[in-house]
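Data first, discussion second: the structure below is written as structure tokens.
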Amino acid sequence: MIGFIIWIIGLILAIKAVLEIMKWNVDGVKKLLVAILVLLTSWIGLAVYYFWGRDNLPQMLK
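Numbered by the numbering used here, the letters in the sequence shown go through residues 47 to 108 in order.
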């Protein structure tokens, strides 16, 4: 039961991260690739996105 709750929390955070990524002003293919990577890598992808990628990736992808 606890594992299911942790999975749901991760899913909600991943969807939130993808919605933020889709607001970036960069090429659509690059946004899609980053969003897919965040979703596929689950908690590791979320950690990288929230601690480093949110501020740095939009400038790197332009």
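Virtual Cβ for every residue (Gly too), placed ideally from N, Cα, C. Owing to the predicted nature of the structure, the values given are computational and were not obtained by experimental measurement.
Asked	Found
Alpha-carbon to alpha-carbon, W53 and M47	10 Å
Rounded separation between A81 and K108 - CA only	16 Å
Whole-angstrom C-beta distance between G49 and S88, which should lie under 8 Å	So it is not a contact: roughly 13 Å between Cβ atoms.
Alpha-carbon spacing of G91 relative to G74, whole angstroms	19 Å
Residue burial classification, I58 (beta-carbon count within 10 angstroms, cutoff 16)	exposed
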